[in-house]
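Chains A and B supply the protein sequences, listed in that same order.
50 is the number that our numbering gives to position 10 of the first sequence; each next residue is one higher, with no gaps.
61 is the number that our numbering gives to position 21 of the second sequence; each next residue is one higher, with no gaps.
There are 2 protein chains.
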Amino acid sequence: MNADRLSLKLQALGDPTRRAMLARLRQGEATVNELAAPFTMSLPAISKHIKVLETAGLITRSRAAQQRPCQLSPDGLREVDDWMRAYRDIWEDRLNRLETYLQTIKE
Amino acid sequence: MNADRLSLKLQALGDPTRRAMLARLRQGEATVNELAAPFTMSLPAISKHIKVLETAGLITRSRAAQQRPCQLSPDGLREVDDWMRAYRDIWEDRLNRLETYLQTIKE
DNA sequence: AGGATAATTAACTTATTAGTTAAGTACAAA
DNA sequence: TTTGTACTTAACTAATAAGTTAATTATCCT
């Protein structure tokens, strides 16, 4: 509904097919057919997933003859990572507190 | 569809209302009414959002009188963070390569 | 016991998402 | 210029998600 950029990204990442595509792209750029290969679903379905990733800014596309190769957007996950930072700090804080506590009862 | 745990988490995080709830919980536990306060939507809608967060393992709940306070699940985002690590490495690799390149042309 | 407060469940509506097949576009190659 | 390859768009269906109001459950307080 409120399609802010961060929500778009997280929603895009919430689908295992799309995450598998990103994983494939970690090894380098790939055409639509290459991305489609591991899946049983139709090519239009693949095409839509790719569009979701592109709209979310997670991948970019180029053009080579009749192919439309996809590549990871280098800073595509940066926004997600930034958002997570605050929570990562919390885990670390809790871990630190736990360590301190364990140290205390040990003494 | 394939509701694996990581997808559940990312889908849950893809909603700004739910992220706002998590942000509130960073300041400490909160009751349903407290979580609902900033929003105009109905309490049942809030209740559903909370259930999504709970099912995803992002929050836990306790019981205090007739309240059902929510708290952040300490390692709730750990799985997401682990998933992101591989991609974070890619950014860093690219940044490193860029730095190396800049260094090269500078010399 | 009876009423107030906190929250959930039920039943429903509407919008969005994920998939399908069939048709269309863009380019390459013969 | 026709044929094939690579993909996208259109039109549709079915499932899921996000919200609503009304009813229900659980606990506290008098």
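Where a beta carbon is used, it is the ideal one built from N, C-alpha and C, also for glycine.
Since we're looking at a predicted model, the values are computed, not measured.
When you compare the CB of residue i with every CB in chain A, is at least one pair closer than 9 Å?
i	result
residue 97 of chain B	no
residue 126 of chain B	yes
residue 46 of chain B	yes
residue 115 of chain B	yes
residue 167 of chain B	Outside the shown range of chain B (41 to 147) lies residue 167 of chain B, about which nothing can therefore be said.
residue 56 of chain B	yes
residue 130 of chain B	yes
residue 101 of chain B	no
So, at 6 Å on beta carbons, what are the nonlocal neighbours of residue i in its own chain, with the 5 sequence-adjacent residues on each side left out?
i	result
residue 69 of chain A	109, 111
residue 102 of chain B	109
residue 62 of chain A	none
residue 86 of chain B	76
residue 57 of chain A	89
residue 17 of chain A	Since the displayed chain A opens at 41 and closes at 147, residue 17 of chain A lies outside it and no answer follows.
With residue i and residue j assumed to form a contact (beta carbons below 8 Å), what rounded beta-carbon distance in angstroms separates them?
i	j	result
residue 96 of chain A	residue 48 of chain A	4 Å
residue 50 of chain A	residue 59 of chain A	Going by Cβ atoms, the distance from residue 50 of chain A to residue 59 of chain A rounds to 12 Å, so no, they are not a contact pair.
Would residue i pass as an interface residue toward chain B - the criterion being a Cβ-Cβ separation below 9 Å?
i	result
residue 111 of chain A	no
residue 93 of chain A	no
residue 118 of chain A	yes
residue 63 of chain A	yes
residue 122 of chain A	no
residue 107 of chain A	no
residue 75 of chain A	no
For the beta strand (DSSP E) that residue i lies in, which residues bound it at each end?
i	result
residue 101 of chain B	99–101
What residues in its chain sit with their C-beta under 8 Å from that of residue i, if we drop five residues either side in the sequence?
i	result
residue 46 of chain A	119, 120, 123
In the DSSP assignment, the alpha helix (DSSP H) including residue i goes from what residue to what residue?
i	result
residue 117 of chain B	It is not in any alpha helix (DSSP H) - residue 117 of chain B carries neither H nor E in the DSSP assignment.
residue 70 of chain B	Careful: residue 70 of chain B lies outside any alpha helix (DSSP H) and carries neither H nor E.
residue 80 of chain B	Note, residue 80 of chain B: premise wrong, no alpha helix (DSSP H); not H, not E.
residue 109 of chain A	Segment: none, residue 109 of chain A is in no alpha helix (DSSP H) and carries neither H nor E.
residue 60 of chain A	56–65
residue 96 of chain B	That residue, residue 96 of chain B, is in no alpha helix (DSSP H); it is neither H nor E in DSSP.
residue 52 of chain B	45–53
Can you list, in chain order, the residues of its chain whose CB lies under 7 Å from that of residue i, leaving out five sequence neighbours each side?
i	result
residue 64 of chain A	70, 75
residue 66 of chain B	112
residue 42 of chain B	Bear in mind that a pLDDT of 41 at residue 42 of chain B, under 50, signals an unreliable position, so the number given afterwards is only what the model happens to contain. Answer for residue 42 of chain B: no residue qualifies.
Please determine if the segment 89–96 of chain B and the segment 119–128 of chain A are in contact, where contact requires at least 3 C-beta pairs separated by less than 8 Å.
no
So, do the segment 75–82 of chain B and the segment 75–85 of chain A have three or more beta carbon pairs nearer to each other than 8 Å?
no
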